[in-house]
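S.K.: Numbering (numbering that gives the first Met the number 0), first residue to last: 0 to 211.
Every residue gets a Cβ at the ideal spot worked out from N, C-alpha and C, and that includes glycine.
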Amino acid sequence: MPVSAKICGLSTPATLDAAVAGGASHVGFVFFAPSPRNVGLDLAAGLAARVPAQVRRVGVFVDPDDALLDAAVAAGRLESIQLHKTAPERVAAIRSRLRRDTWAAVAVKTRADLDAARSYAGAADRILYDAKTPPGAALPGGMGLRFDWALLDGFRHPLPWALSGGLDPANVAEAIARTGAPLVDVSSGVEEAPGVKDPARIGAFLGAVTRV
Numbered sequence: 000m001p002v003s004a005k006i007c008g009l010s011t012p013a014t015l016d017a018a019v020a021g022g023a024s025h026v027g028f029v030f031f032a033p034s035p036r037n038v039g040l041d042l043a044a045g046l047a048a049r050v051p052a053q054v055r056r057v058g059v060f061v062d063p064d065d066a067l068l069d070a071a072v073a074a075g076r077l078e079s080i081q082l083h084k085t086a087p088e089r090v091a092a093i094r095s096r097l098r099r100d101t102w103a104a105v106a107v108k109t110r111a112d113l114d115a116a117r118s119y120a121g122a123a124d125r126i127l128y129d130a131k132t133p134p135g136a137a138l139p140g141g142m143g144l145r146f147d148w149a150l151l152d153g154f155r156h157p158l159p160w161a162l163s164g165g166l167d168p169a170n171v172a173e174a175i176a177r178t179g180a181p182l183v184d185v186s187s188g189v190e191e192a193p194g195v196k197d198p199a200r201i202g203a204f205l206g207a208v209t210r211v
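#1: In this structure, what does DSSP give as the bridge partners for GLY75?
#2: Spell out a yes or no on whether the segment 34-43 and the segment 3-16 are touching, meaning 3 or more CB-CB pairs, one atom from each, closer than 8 Å.
#3: Got a sec, what are the start and stop residues for the beta strand (DSSP E) ALA106 sits in?
#4: With distances taken from CA atoms, which of ASP114, ALA71, ARG125 is nearest ALA91?
#5: Is DSSP giving ASP197 helix, strand or coil here?
#6: Distance check for GLY194 and ALA122, CA to CA, integer angstroms please.
#7: Taking the alpha carbon of LYS5 as the reference point, which residue from ARG56, PRO51, ALA44 has its own alpha carbon closest?
#8: I'd like to know whether the C-beta of ALA120 is nearer than 7 Å to at least one C-beta of chain C.
#9: May I have the straight-line CA-CA distance separating ALA86 from ASP197, to the nearest angstrom?
#10: Quick check on SER118: does DSSP put it in helix, strand or coil?
#11: How far does the beta strand (DSSP E) with GLY58 in it extend, from its first residue to its last?
#12: Sorted by chain position, which residues of the same chain lie with C-beta nearer than 8 Å to LYS108's C-beta, five sequence neighbours on each side aside?
#13: Assuming ILE80 contacts ARG98 (C-beta within less than 8 Å), just tell me the rounded distance between them.
#14: Look up SER163 in the DSSP assignment and say whether it is helix, strand or coil.
#15: Going by DSSP, name the residue or residues bridged to ILE126.
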């Protein structure tokens, strides 16, 4: 099976177009004000209109309330909801109410952290394994951190899954070979500065995925 790729934190037409042209299966829009990748509703609507039918639009949230979810789903025409720092019960409630493909992010630093993935069985549609950020960090991801991929060795995934955290054009092929990830997710690894995506790096990342 070919590996799919999500380019997350897109905020300009040029970088969105680069993701689409490079063959991304998913494009991510961040709805979290502290993030340098945060998009407003009007910008999200404009970007969403550029996404062709074969590419899925993903909204990225940090324990959001219903008002933000409803506004973002409408503006971004979101097909998938990616939730960080959100309890399994809340993930299940969001999934039930919105009836959208729902991803639950699990922050990983040790093998024990993977156990949290099992709590989302029946609550989410997909697990996103991401690197755990330092205590007190303002952001739950997008900091270029990676975890030890060997932690996934022999782990029985409770749901379909994706790999994130510290991926870039230089290491994504190794990450896929090491983990067998069916879907990879990148944000800071294709940026020239926090929140500033580079079309050339997006193309290089997607090219590396395609060649696996």
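M.R.: Working from what's here:
#1: In DSSP, GLY75 forms no bridge with anything.
#2: yes
#3: 100-107
#4: ARG125
#5: coil
#6: 30 Å
#7: ARG56
#8: Note that chain C does not occur in the displayed structure, where there is just one protein chain.
#9: 33 Å
#10: helix
#11: 55-61
#12: ALA130, LYS131, PHE146
#13: Wrong, their Cβ atoms sit about 10 Å apart, outside the cutoff.
#14: coil
#15: ALA103, TRP160
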